[in-house]
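Trainee:
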Amino acid sequence: MVSTEIGEPVAKVEVDFDLCESNALCEAVAPDVFRIDDDDFLQVDDPSVTDENRSRVEQAVASCPKSALRIVEDE
Ligand code: SF4
C-alpha cells in the first residue's frame, strides 16, 4: 500500500563504495545522512530521501567529486 504521509521516504540514496574515497564532502553537506566512521569509511545509517532532507542529499550528490552517490527514486 502506498502511503501519502508527509515525510514518507520516496527514494533512497545509494553509494558506490568502489568509487567513494571517504573524503567526507557529502557529510559536510548532509551530516544527518552521511557519516565517516572511525575507520574512515562512509556510513549511511538511513538512506531514505525524504521531503525534509532531499535538497541536502541532492547537494551531497552534486558535491561528490567521485560521482559515487545517486538517488534512486521509489517506483
Ligand atoms: S563525497 Fe563522494 S567520495 Fe566523498 S565520502 Fe561522500 S560519497 Fe564518498
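In this note's numbering, the protein residues as written are 1 to 75.
Every residue, glycine too, gets a C-beta built ideally from N, C-alpha and C.
1. Would you list the residues whose beta-carbon is nearer than 7 Å to any heavy atom of the ligand SF4, in the order they occur in the chain?
2. Taking the straight line between their C-alpha atoms, what separation do you get for residue 71 and residue 39?
3. Who are the near neighbours of residue 24 in its chain, counting only those whose CB is closer than 6 Å to its CB and skipping five residues on each side?
4. List the endpoints of the continuous beta strand (DSSP E) containing residue 11.
5. Anyone know if the C-beta pair for residue 74 and residue 15 falls short of 8 Å?
Mentor: Reading from the atomic positions:
1. Here the residues come out as 15, 19, 20, 21, 22, 23, 24, 25, 26, 27, 34, 36, 42, 60, 63, 64, 65, 66, 68, 69.
2. As a working note, residue 71 is residue 71 in the sequence shown. As a working note, residue 39 is residue 39 in the sequence shown. The straight-line gap from Cα to Cα measures roughly 25 Å.
3. What you label residue 24 is simply residue 24 of the sequence shown in a count that begins at 1. Once the five neighbours on either side are set aside, the close Cβ partners of residue 24 are 36.
4. Stepping through the sequence shown from its first residue, residue 11 is reached at position 11. Counting along the chain, the beta strand (DSSP E) containing residue 11 begins and ends at 11-15.
5. Here residue 74 refers to the residue found at position 74 when the sequence shown is read from its first residue. Here residue 15 refers to the residue found at position 15 when the sequence shown is read from its first residue. Going by beta carbons, residue 74 and residue 15 fall outside the 8 Å limit.
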